[in-house]
Structure formats: structure tokens, C-alpha cells
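Protein chains: 2
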Amino acid sequence: MATATQVTDASSAFQPFLADEESIAKPLETTQCAVAVPEKIHRAMRYSLLAGGKRVRPVLCLASCELVGGDESLAIPTACAVEMIHTMSLIHDDLPCMDNGDLRRGKPTNHKAFGEETAILAGDALLSLAFEHIATKTTKAVSPERVVRAIAEIGSAVGSLGLVAGQMADIQSEGKEVTLRELEYIHVHKTAKLLEATVVCGAIIGGAGEGEVERLRKYARCVGLLFQVVDDILDVTKSSVELGKTAGKDLASDKATYPKLMGIEGAKNFAARLVAQAAEELAHFDARAAPLYYLANYIANRHIEEQFLPFFTKI
Amino acid sequence: MATATQVTDASSAFQPFLADEESIAKPLETTQCAVAVPEKIHRAMRYSLLAGGKRVRPVLCLASCELVGGDESLAIPTACAVEMIHTMSLIHDDLPCMDNGDLRRGKPTNHKAFGEETAILAGDALLSLAFEHIATKTTKAVSPERVVRAIAEIGSAVGSLGLVAGQMADIQSEGKEVTLRELEYIHVHKTAKLLEATVVCGAIIGGAGEGEVERLRKYARCVGLLFQVVDDILDVTKSSVELGKTAGKDLASDKATYPKLMGIEGAKNFAARLVAQAAEELAHFDARAAPLYYLANYIANRHIEEQFLPFFTKI
Numbered sequence: 001m002a003t004a005t006q007v008t009d010a011s012s013a014f015q016p017f018l019a020d021e022e023s024i025a026k027p028l029e030t031t032q033c034a035v036a037v038p039e040k041i042h043r044a045m046r047y048s049l050l051a052g053g054k055r056v057r058p059v060l061c062l063a064s065c066e067l068v069g070g071d072e073s074l075a076i077p078t079a080c081a082v083e084m085i086h087t088m089s090l091i092h093d094d095l096p097c098m099d100n101g102d103l104r105r106g107k108p109t110n111h112k113a114f115g116e117e118t119a120i121l122a123g124d125a126l127l128s129l130a131f132e133h134i135a136t137k138t139t140k141a142v143s144p145e146r147v148v149r150a151i152a153e154i155g156s157a158v159g160s161l162g163l164v165a166g167q168m169a170d171i172q173s174e175g176k177e178v179t180l181r182e183l184e185y186i187h188v189h190k191t192a193k194l195l196e197a198t199v200v201c202g203a204i205i206g207g208a209g210e211g212e213v214e215r216l217r218k219y220a221r222c223v224g225l226l227f228q229v230v231d232d233i234l235d236v237t238k239s240s241v242e243l244g245k246t247a248g249k250d251l252a253s254d255k256a257t258y259p260k261l262m263g264i265e266g267a268k269n270f271a272a273r274l275v276a277q278a279a280e281e282l283a284h285f286d287a288r289a290a291p292l293y294y295l296a297n298y299i300a301n302r303h304i305e306e307q308f309l310p311f312f313t314k315i
Numbered sequence: 001m002a003t004a005t006q007v008t009d010a011s012s013a014f015q016p017f018l019a020d021e022e023s024i025a026k027p028l029e030t031t032q033c034a035v036a037v038p039e040k041i042h043r044a045m046r047y048s049l050l051a052g053g054k055r056v057r058p059v060l061c062l063a064s065c066e067l068v069g070g071d072e073s074l075a076i077p078t079a080c081a082v083e084m085i086h087t088m089s090l091i092h093d094d095l096p097c098m099d100n101g102d103l104r105r106g107k108p109t110n111h112k113a114f115g116e117e118t119a120i121l122a123g124d125a126l127l128s129l130a131f132e133h134i135a136t137k138t139t140k141a142v143s144p145e146r147v148v149r150a151i152a153e154i155g156s157a158v159g160s161l162g163l164v165a166g167q168m169a170d171i172q173s174e175g176k177e178v179t180l181r182e183l184e185y186i187h188v189h190k191t192a193k194l195l196e197a198t199v200v201c202g203a204i205i206g207g208a209g210e211g212e213v214e215r216l217r218k219y220a221r222c223v224g225l226l227f228q229v230v231d232d233i234l235d236v237t238k239s240s241v242e243l244g245k246t247a248g249k250d251l252a253s254d255k256a257t258y259p260k261l262m263g264i265e266g267a268k269n270f271a272a273r274l275v276a277q278a279a280e281e282l283a284h285f286d287a288r289a290a291p292l293y294y295l296a297n298y299i300a301n302r303h304i305e306e307q308f309l310p311f312f313t314k315i
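Below, the structure written as C-alpha cells:
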């Protein structure tokens, strides 16, 4: 089990990823969505893909690859691909007929900046580029078997039993009484599935055994749900300027959220339990798991109180 | 070079595909978009995927696989995947902010039947399912190298330098004077790229050599362009009932089309030249190319006059 010292080491080891994103920003910048003809579609893709964001998914993917003994560079194309898919899901979710968002990452949403038709097409292009990117950019040091398995994992996380299922259930739940179980279905699919695929694919690319893959899958499910619970909490506690997107939308649209069903304190306690479960899965790995501990905690704390920090040092 | 007799044989050999689609309808029916939770998204996906259509792409994919010596069953997952992507492109193209179509394959368009948000999500799900389907359903008899190559080829055909580029250029051309060169750019990207990937992937899966792949690529480019030229001709010559979609839309929206730039006769002559070029590439293959000859001709003739039939028997 990792000690507090190891965790502190990891915290500083992990900082470069979150600070200047050296490992991810450059590869993303040089993906095939460099400015080309037709310019407008490429500008729209780059606008959202390179808008910053926390890059939590790519960082998780690289950390997972290293944890199982792979060199992180092997997983860079997959990490970029997952960020493209995440970006596509934000672009499409923000559309007028979906969540009708005006702000994202502190800037006008893609359809506000480029028009609805371009936003839809930019999402489509990012989704297909993601698969193409894994297939063409993964180095020969990774066997094609692993590449095919990663593509299958990501495809399943995005499709009608994954991210799309979550968004569909979310839309259908609006204006209805939603149970905690239904809310969990939405978040597991809308957020956790892609995070799970991200971590699992990092591990597959890095050459993980089946047992390792399954532990990391469970870890990622907790972190994925945690991510959404914290997002729900932030929506009711922070302003649009602080969030970089329209705040209070969930409340205004009477959307089901964890704070609504559990109260703010209940939601915060649930988040703490998820961090603990995630940590339990990581306890079976060696000190290389430290960045993943750190990330679970980072997600739990990103803009809210320091309440999770004491927990973190207890691991 | 194939003789007239061989071609006639092929014509009857090919008929079953076009008539009852045995090779494609069943695999499509049993793809992962069986009715599951959430039901609405799966019903929307099936509504468009199983709406009939000519299944030209999957048939081309299987024929190309057989032509290079592969068993057609090897290419069935790829053939289904291409049909999913084609279906997704129709669903998204029909959206109100794009072509705003009401009818498709004789039925209300997806967004008319299920709502705009479901139509967008059904498209997204079909696109990711396509890649997942190739990755998970292709039999072990096909090497993972070939699977990865097919995924890369299809990804590139759909993305911002393929289908999406064509749709973007198409949207941007509305209300503007478009040259013949610009029109060709639109159609090569909007239609021919995916057809090219379809044929090329069939060949890759079937184990084609590089020379065979390149000849089939050229064949498919001609057929892809041919497809669009004929579509443009039909838009001005047929009624909505005959087409199964809204007719005269291109004319009403003052869209650039081949008949508009070349006149109907000019467009028909161009179609005939494309059939001839396609046939030239096939002349380097043996009698197994006959279905591909037949298909080029079938596309040229589908609802219009019999003028191409004499050409066909001359091959």
C-alpha cells in the first residue's frame, strides 16, 4: 500500500501534467486537425480541442499505461483520441436541441462560435479522427492486437450502451422525478464509461494482465462517477465565471443532480466514499499507482473545499 | 478482360445481393443495435439502418473482398460498419440546420420521427458502433494488422478530410457560384471517399496486394462520383414518390449540381465516361471482377433510362 510519502512524491510528479500538459498539449496540437481545407471545420475542431480543459482523461490514460509497466509514449495516440471524443461529446451536448449551452471552458460554445451545422460536423469529424488516430499513430512497439482491443473498448464506451446512452437517458429524465438509481445510470454512462475506457486502454496498450485491467476498470468507474458528482456540486455552488460555463443550469432546468437527491452534504459524503473505493483498488499496485491516487483526489477537490486532503494523506 | 457472357453471368450472380440482401440484411439486423435500454436511441438507430436502401456500399465491400481471393464472410463486419457510417451521414445531413430533409428512403427522416436530439445521438452512436463492430466482429481469420488498416482507411474517409469535408464544402457553397472543380471537390469528399474506403477495405480484409488495392481505389473513385452525378440527375428528373425523398430540393435551394453546370445531357455523358474509366481499372482483374462491372452499371442506370445497357455488354 502506498505511504503518505509516496503520495506526496506522486503529487509533485504529477504536477507537470496538470500544469503545462507537456505530454498532451503538443501531441494534440499536431493531430490531423491542423488547419487544412476546408478551413472552417478544422478551425472549429481546434477551437474546442485546444481550448484547454483539465486533460484529466489523457493524463489518466498515460498514468495507467505507466502503472502496468508500459512507456507512457506508447499511449499518447490513445490519450489524444480520448480527448477528441470527450471534446466531441461536449460540442454535441452543448447544441441548442440538447443542453443549449452558451459557455464552455470560458468561451462561447462551438455552435455559438461557428454555427450549429459546423458544430455537428466538427463533432463527427473528431469522433472518426479519434479512431483513425489510434489506428495510424500508435507506434509499432504496440501489437496490432492491443490496438484493436483498445479501439473496441473505446467504441463501446461511446456508443448506444455508453456515452450516448447516458446523454439519451439524461434528456429523457428532464422534467421527471428521477430516482438515485436512474441518476447513477445517467452518470455511469455519460461520464464514467469513457473514463473507464481511457484507463483500461492505457493499461491494455501498456501490456497489463487481465487482473490489472479489471482493478483499473473498477478504479476508473469510481473516478468517473466521482467526476460527475463533483460537477453536480459545483453547478450549485459556483458562478459561471468560476466554472467557465453556464452555472446553475441544472437547477434552473429542474434537472436531477446528486445535490438535489442527496443534499449538498450527502453528495460530498458520497464523493468521499468514491475516493475511498478508488483507493482500495489501487492498493493492489506498487508505488507507480501514486499518480492515480493523486488524480482521484484532484478530481474530488478541483474547485471545492480542502475537506478531502486529510483523507488523501491517510491512504 | 471479362467477356459479355461472363458479365451476364455476373449480373444474375449479383442479383441476390440487390434483391434480398441475404448477405447484408441479416448481419445488419443482428448488429449491436438490437433493441436495448435506452430503447428510444436503439429504435432510432434501427429505423434508419434497416430502412432498406440499396446496400450498394456493403455489396461493393464483399465483392471487392472476393475479387482479391478472400471469402466474402471475412468482410461482413466491415461491410456492415460502412453501412452504419453511411446511415449516420444521411441522418446528420437531413437535420434542420443542414439539408432540412423531410423524407428519406420513403419514410420521414430520423429527426422527423424521433426528434432532433435523438437523431444527432443516433448518428453519433452509429459512427462509433461502426469502428467497434469492425474491431470486435471481424473473425480471427483476418490478421489484426489488416483490421487496424481498415479502421484507419475508414476513419480517414469519414473525417475532416473526407465525408465531413464534403458536407462542409457543400454547405458553404449554397447561394454561391460554384465551379465544376469545386463541385467535384464536394462530391469526391461527400460521396466518393466512403465508397473508396469501402472497396479498399474489402480488398485489404481479403488480402489484396498493393497494386490491386490501388486499382480498386481508382475504380471506387469513379463509381463514387458516378453515384453522385446520377443522384443529381435524378433530383431534377424524378418525383419525391419515385425517389423516396424530397425531390427538386437542389433546384429549389439553387444548389450547384452537375445538371445545372453541364446540362442534363452533359451530366449523362459524364456519367458514361465514369463508367468507362471504372471498367478500365477492372479490366486488369479476372472474371471475378464481373460483380463490380455490374454494380457500376447498376448505379448508372438505377432509375433512369436504359442508355447505359448497350455500353455494358460491350465490356
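If you're matching them up, the sequences are chains A and B in order.
Letter 252 of the first sequence, counting from 1, is numbered 252 in full-length UniProt numbering, and no numbers are missing.
Letter 218 of the second sequence, counting from 1, is numbered 218 in full-length UniProt numbering, and no numbers are missing.
Glycine included, every Cβ here is placed at the ideal spot set by N, Cα and C.
- Rounded to whole angstroms, the separation of the alpha carbons of A122(B) and I41(B) is 6 Å.
- The DSSP-derived three-state label of R273(A) is helix.
- Within chain B, I120, L121 and D124 have C-beta atoms less than 8 Å from the C-beta of H92(A), given in sequence order.
- Under DSSP, P108(B) forms a beta bridge with L103(B).
- Excluding residues up to 5 positions away in sequence, H92, Q167 and I171 lie with their Cβ nearer than 8 Å to the Cβ of M98(B) in the same chain.
- Closer than 7 Å at the C-beta level to chain B, one finds no residue of the region 198 to 213 of chain A.
- The straight-line gap separating the alpha-carbon atoms of G266(B) and L62(A) is approximately 56 Å.
- Scanning V200(A), S143(A) and E281(A) for the CA closest to the CA of E66(A) turns up V200(A).
- If you look at G123(B), you'll find it in the alpha helix (DSSP H) that goes E116 to K137.
- Inter-residue distance for S160(B) and L95(B) is about 19 Å (C-alpha atoms, whole angstroms).
- Counted as a single uninterrupted DSSP element, the alpha helix (DSSP H) harbouring S173(B) occupies residues L163 to S173.
- Considering only beta carbons, the part of the region 32 to 57 of chain B lying closer than 8 Å to chain A consists of Q32, C33, A36, V37, P38, K40, I41, H42 and M45, in chain order.
- Within the region 26 to 93 of chain B, the complete alpha helix (DSSP H) runs of at least 4 residues fall at 39 to 49, 56 to 67 and 76 to 93.
- Taking L74(A) as the centre and dropping the five residues before and after it, the same chain places the C-beta of C65, T139, A141, V142, I205 and G206 closer than 7 Å to its C-beta, in chain order.
- For C222(B), the enclosing alpha helix (DSSP H) covers residues E210 to T237.
- K260(A) sits in a helix when the DSSP states are folded into three classes.
- Taking a beta-carbon distance threshold of 8 Å, T237(A) does not count as an interface residue toward chain B.
- Residues of the region 150 to 168 of chain B that bring their beta carbon within less than 7 Å of a beta carbon in chain A comprise I151, A152, G155, S156, V158, G159, S160, L161, V164, A165, Q167 and M168, in sequence order.
- The C-beta of E174(B) has fewer than 16 other C-beta atoms within 10 Å across all chains shown, which makes the residue exposed.
- Under the Cβ criterion of 8 Å, C222(B) is not counted among the residues facing chain A.
- One finds S143, P144, E145, V147 and V148 in chain A with Cβ atoms closer than 8 Å to the Cβ of P144(B), taken in chain order.
- Straight across, the Cα-Cα distance linking A36(A) with A44(A) is about 11 Å.
- Taking a contact to require three or more Cβ pairs closer than 8 Å, the region 254 to 265 of chain A and the region 275 to 295 of chain A do not qualify as touching.
- Here N269(B) is exposed. Its C-beta has fewer than 16 other C-beta atoms within 10 Å.
- Pairing R146(B) with G155(A), the inter-Cα distance amounts to about 18 Å.
- For T179(A), the secondary structure class from DSSP, reduced to helix, strand or coil, is coil.
- Between T30(B) and C80(A), the alpha-carbon positions lie close to 32 Å from each other.
- Between F131(A) and chain B, the shortest Cβ-Cβ separation is below 8 Å.
- Only residues of its own chain outside the window of five on either side were considered, and among them P108, T109, K112 and T246 have a CB closer than 7 Å to the CB of D102(B), listed in chain order.
- Residue environment: E177(A) is assigned as exposed (fewer than 16 neighbouring CB atoms within 10 Å of its CB, all protein chains considered).
- Taking the Cα positions, A135(A) is about 31 Å away from A51(B).
- Annotation: the continuous alpha helix (DSSP H) that includes A296(B) extends over A290 to N301.
- It is roughly 18 Å from the alpha-carbon of V188(A) to the alpha-carbon of T87(A).
- Using a 10 angstroms sphere on the CB of R215(B), the tally of other CB atoms reaches 16 or more, which defines it as buried.
- Neighbours of Q172(A) in chain B, taken as residues whose beta carbon is under 9 Å from its own, are P38 and K40 in chain order.
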